[in-house]
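Reading through the structure tokens given below for one structure.
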Amino acid sequence: MNHTPAAETVLSLRDVSRTYGKPTNPVHALQAVSMDCTVGSWTAVMGPSGSGKSTLLNCAAGLDSPTSGQVLLAGRDLSGLSDNQLTELRRTTIGFIFQGFNLVQALTAEQNVALPLALAGGRDRQAARQALTDLGLGDRARHRPRELSGGQQQRVAIARAVVTRPAVLFADEPTGALDSAAAATVLELIRHLVDERGQTVLMVTHDPSAAARADRVVFMRDGQVVNERAGGDAGAIAAELAAMEAVA
Ligand code: ADP
Ligand code: MG
Numbered sequence: 034m035n036h037t038p039a040a041e042t043v044l045s046l047r048d049v050s051r052t053y054g055k056p057t058n059p060v061h062a063l064q065a066v067s068m069d070c071t072v073g074s075w076t077a078v079m080g081p082s083g084s085g086k087s088t089l090l091n092c093a094a095g096l097d098s099p100t101s102g103q104v105l106l107a108g109r110d111l112s113g114l115s116d117n118q119l120t121e122l123r124r125t126t127i128g129f130i131f132q133g134f135n136l137v138q139a140l141t142a143e144q145n146v147a148l149p150l151a152l153a154g155g156r157d158r159q160a161a162r163q164a165l166t167d168l169g170l171g172d173r174a175r176h177r178p179r180e181l182s183g184g185q186q187q188r189v190a191i192a193r194a195v196v197t198r199p200a201v202l203f204a205d206e207p208t209g210a211l212d213s214a215a216a217a218t219v220l221e222l223i224r225h226l227v228d229e230r231g232q233t234v235l236m237v238t239h240d241p242s243a244a245a246r247a248d249r250v251v252f253m254r255d256g257q258v259v260n261e262r263a264g265g266d267a268g269a270i271a272a273e274l275a276a277m278e279a280v281a
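In terms of the numbering used here, the numbers along the sequence shown are unbroken and rise by one, the last being 281.
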């Protein structure tokens, strides 16, 4: 008999669809996608351009609303929340890393990282400084984004996304703009957040070696999840993606 308890689900998508555009010319960006993410797991999402990866992430993070279906995050049904409740949930439970970093150019690294804390009503400079130090940027706290390399800016963006210690971290191509050394650092950091802090990560990536670092890789095509496999083997992931793109 197996007494291992089932890992707790922190994020669940149930038949989530998202349609854009006019009824006469609809774009079905997501079509009845169902997916569960357990606490302390890292899932990579791959698929051809336009297959719905960003839409999936945005719906799961409450940045976009599904046309139909349910998103359950930390036990809450997002569709049942008011705007204020959703904003509160995003502040306390969700971190989001955007591909373009989305840093505020006029603010220093530390001020950027402190933003989510300020929005949550806190003024915890210490936490912001610590988050930067954890990411090896303690000596860059007073630099503005343009004074930092791409890899450093991405680490600031990650510090900002994790400073509130969100249960679930969403990342849309977090290594897409980075050279391989900077990408490796970012992936190390994500692994650390998952393994040492039990945070849950849902990450879109085009890069098979980035996807290989995840525990699980989900493949999308035409707004649907068409396959999934374990992480680990970058070569096998690359082959699977290439096969999908050949028929897309
Ligand atoms: P991916 O991230 O996999 O490249 P997206 O989720 O960005 O794909 O897009 C999926 C589909 O939905 C594409 O056909 C895209 O053009 C369309 N789409 C995405 N966002 C919008 C939007 N805001 N308005 C209209 N169509 C959109
Ligand atoms: Mg995208």
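All C-beta atoms, glycine included, are put in the ideal place defined by N, C-alpha and C.
- The beta-carbon distance between alanine 192 and leucine 211, rounded to whole angstroms, is 15 Å. This is too long to meet the 8 Å contact definition.
- Threonine 208 and alanine 214 have their C-alpha atoms spaced approximately 10 Å apart.
- Residue pairing from DSSP places serine 50 in a beta bridge opposite Ser101.
- Take glutamate 278, set aside five residues on each side of it, and the residues of its chain with a beta-carbon closer than 6 Å to its own are Pro81, in chain order.
- The continuous beta strand (DSSP E) containing glutamine 64 extends over residues 60-71.
- Short of 8 Å from the beta carbon of serine 74, and not among the five residues preceding or following it, lie these beta carbons of its own chain, in chain order: Ala40, Val227, Thr233, Val234, Asp248, Arg249.
- Comparing alpha-carbon positions, the option among Ser67, Thr57, Met79, Val72 lying closest to arginine 262 turns out to be Met79.
- DSSP lists Cys70, Leu106 as the beta-bridge partner residues of leucine 44.
- Excluding sequence positions up to five before and after leucine 105, its CB lies within less than 6 Å of the CB of Ser45, all in the same chain and listed in chain order.
- Relative to ligand 1, the nearest heavy atom lies less than 7 Å away from the CB of threonine 88.
- Runs of the alpha helix (DSSP H) spanning 4 or more residues and lying entirely within the segment 105-154 occur at 116-126, 142-152, in chain order.
- The count of Cβ pairs closer than 8 Å, one atom from the segment 171-187 and one from the segment 113-125, stays below three, leaving the stretches out of contact.
- Within a 10 Å sphere around the beta-carbon of aspartate 172 sit fewer than 16 other beta-carbons, which makes this residue exposed.
- In the DSSP annotation of this structure, alanine 93 is not part of any beta strand (DSSP E); the continuous alpha helix (DSSP H) holding it starts and ends at 86-93.
- Serine 84 has its Cβ nearer than 7 Å to a heavy atom of ligand 1.
- Within the same chain, no Cβ atom closer than 7 Å to the Cβ of lysine 55 is found once the five residues on either side in sequence are excluded.
- It is roughly 15 Å from the alpha-carbon of valine 43 to the alpha-carbon of methionine 236.
- With a minimum length of 3 residues, the unbroken runs of beta strand (DSSP E) contained wholly in the segment 202-260 fall at 233-237, 249-254.
- With distances taken between CA atoms, isoleucine 223 lies nearest to Arg246 out of Arg246, Gln159, Thr238.
- Here threonine 57 carries a coil assignment [DSSP, helix/strand/coil].
- Distance between phenylalanine 203 and aspartate 240, taken at the CA atoms: about 16 Å.
- DSSP lists Val250 as the bridge partner or partners of arginine 262.
- Taking C-beta separations shorter than 7 Å and ignoring five residues to either side along the sequence, the partners of asparagine 145 in its chain run Leu136, Val137, Val189, Arg193, following chain order.
- In this structure, alanine 65 and glycine 102 form a Cβ contact; the two beta carbons are roughly 7 Å apart against a cut-off of 8 Å.
- One thing to note: phenylalanine 129 has its Cβ within 8 Å of the Cβ of alanine 94.
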